[in-house]
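Working notes for the structure below.
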Amino acid sequence: PLTTIQTISGQNKRFASLGRESGKAIRSLIKKHQLTDETNQPIIHIHKIELDFNGESIILTYNLPDNKNELTKIDAIVRACDESLLARDGYRRLAAVEAFLIREYLIANRRVEITNLINKDLRIGTFNINKSDNDLLNHLESDDGIIVDEAEIGNGAYRSIYTILQTLIPLWKESSPAIINSGDTLKLKLGGDGRNVGRKQSHVMMTICLLNEGEEVLKPEHQYCICLYVGREKYDDLAKIGKLFQHQLLDLQNNGIYDKDGNHWPVELFFSGDWKFMYIIMGLNAPNS
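Taking our numbering, I'd label the letters of the sequence shown as residues 664 to 952.
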């Protein structure tokens, strides 16, 4: 009897055996009752069977022939968790209460897959803002994965402006209505600002946006981060960050960029920030300093 099995793994094996046999039986009944198409292929599929055992829900899940819809659902859950800042433990507890929610390990595995896919196109590098300028330049030119310092992981991260544009240009072209058309000039605006995070720590973020989007650039999701580091808005630090991107910005301004389809896009650069940030960039003392 099931009640004599003391271990959870043993009970799960019994439920798995039940699931396999019940799946075969139901598939046989589907064909028997001709729930099929013209080629005698079943059009009805088993998704889940819910059982009750000592007041707990036991879900027997079956793999569907086409799991595209399931993958889309998992992607939606990953996005919802990220946007609502729902941590892994929080979702695990929620899934334990509601048995029909997709298991947490599937969500975690899919998040890793998405991260790996993004890293192939938008690699994130790290650096230490306290190191010399040459070390920062070596980080930018490295083709390795994320650079890890022996003493610390680093206090800054960056992304290549080139790779960001290569990803975004097709989206801008294919949007309805199109944001950019052949022959347009990409008007890129660079900006930055600092913010206190807690009582003793500050972060500085550098972003780019496409002014061709009009008022849409006022929305946070249309600002694309190119650099984030732990520290304050200081001229020496911002000068180091500028050297990370100076070659890319100079090349974009002089030569533009070619997208993946071979189309050439001229680039015009702009810069903006609050008064304090602008004064620091120009090497001047801000009015509130």
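Note that beta-carbon positions come from the ideal geometry of N, C-alpha and C, so glycine has one too.
Predicted model, so just to flag it, every value in this text is computed and none were measured.
Review point. Since Val775 sits in a beta bridge, which residues does DSSP pair it with?
Key: DSSP output for Val775 lists no bridge partner at all.
DSSP three-state call for Leu851: helix, strand or coil?
strand
For Leu891, write down the residues that DSSP places opposite it in a beta bridge.
Ala820, Met868
| request: May I have the straight-line CA-CA distance separating Arg755 from Ala820, to the nearest angstrom? | output: 30 Å
Requested in this report: Would you grab the beta carbon distance between Gly846 and Ser865 for me? Rounded to a whole angstrom, and I think it's under 8 Å.
Outcome: Their Cβ separation, rounded to whole angstroms, is 42 Å, which puts Gly846 and Ser865 out of contact at 8 Å.
**Message:** Here's a check: name, in chain order, each residue in its chain whose Cβ is nearer than 8 Å to the Cβ of Glu767, leaving out the five neighbours to either side.
**Reply:** Arg751, Tyr754, Arg755, Ala758
Looking at the unbroken alpha helix (DSSP H) that takes in Leu785, where does it start and where does it end?
First-last for Leu785: undefined, no H or E at that position.
Burial state of Asp807 (16 or more Cβ within 10 Å):
The pLDDT assigned to Asp807 is 40, lower than 50, so where the model puts this residue is not dependable; a value taken from the coordinates is nonetheless given after this. Result: exposed.
### Query
Out of Thr848, Trp835, Gly905, which has the shortest C-alpha to C-alpha gap to Met868?
Gly905
For chain B, find out if any of its Cβ atoms is closer than 8 Å to the Cβ of Lys711; answer yes or no.
-> No chain B is present in this structure, which holds just one protein chain.
message: Once DSSP output is grouped into helix, strand and coil, what is the label at Leu723?
response: strand
Q.
I'd like to know whether the C-beta atoms of Leu734 and Leu723 end up nearer to each other than 8 Å.
A. no
Mapping the DSSP letters down to three states, classify Gly753 as helix, strand or coil.
helix
Bounding residues of the alpha helix (DSSP H) (the contiguous stretch that carries Glu701):
Here Glu701 belongs to no alpha helix (DSSP H), and DSSP marks it neither H nor E.
Thr699 versus Phe678 - alpha carbon distance
28 Å
query: To the nearest angstrom, how far is it from the Cα of Lys711 to the Cα of Tyr725?
result: 6 Å
Expected contact under 8 Å - CB spacing of Arg792 and Asp900 to nearest Å | Reading off the sequence, residue 792 comes out as Ile, not Arg. With 8 Å as the limit, Ile792 and Asp900 qualify as a contact, their Cβ atoms being about 6 Å apart.
Ile707, buried or exposed, once every other Cβ within 10 Å from all chains shown has been counted against 16: exposed
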